[in-house]
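Heads up: the sequence shown begins at 8 in the working numbering, then just goes up one per residue.
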Amino acid sequence: MEDREFENPYLIPKNIKARFELIPGFGWREIFVTLAGAIVGFMLLLLLGVFGIPIIVRIFLAVMCAGIGYGISVQNPRTGVNLLDILKMMRQFNARPKRFYYVFGEGRERD
């Protein structure tokens, strides 16, 4: 009983959500967006094959679609934000009402 008086309580941290990352900044969401771009590129490759487009052009377009998917989903190393998140934040910002309480500069009229 005497031992319990001198015990220090252990602080147990809350569960931390850790997301899977294949490489730093590239997790499941980014993999799915890149695969979606690759699938669209593959479908484009098959569709353009029906019209007799040369294989080099079709492969180039398929790789470009996968590259666009990768470019949209990869995070900027400086900010840690990808293009999809930037577009989402921009849309949320544009949806908010904006009020400007001050008029700066000389000769400007209030609206």
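The C-beta atom is built at its ideal place from N, Cα and C for all residues, glycine as well.
C-alpha gap between residue i and residue j, whole angstroms
| i | j | result |
| --- | --- | --- |
| L51 | L42 | 14 Å |
| I75 | P20 | 40 Å |
| K105 | T86 | 25 Å |
| M96 | R26 | 21 Å |
| F67 | I23 | 42 Å |
| R36 | R98 | 20 Å |
| D92 | L18 | 35 Å |
| M71 | V57 | 19 Å |
| Y108 | A102 | 19 Å |
| Y77 | L90 | 10 Å |
Beta carbon proximity, residue i to chain D, threshold 7 Å
| i | result |
| --- | --- |
| P20 | This model lacks chain D altogether; it includes just one protein chain. |
Residue i vs residue j beta-carbon contact at 7 Å
| i | j | result |
| --- | --- | --- |
| S80 | V47 | no |
| G44 | A69 | no |
| G32 | Q82 | yes |
Could you tell me which uninterrupted beta strand (DSSP E) segments, each at least 3 residues in length, are contained entirely in the region 25 to 78, listed from first to last along the chain? Inside the region 25 to 78, DSSP marks whole beta strand (DSSP E) runs of 3 or more residues at positions 28 to 30, from first to last along the chain.
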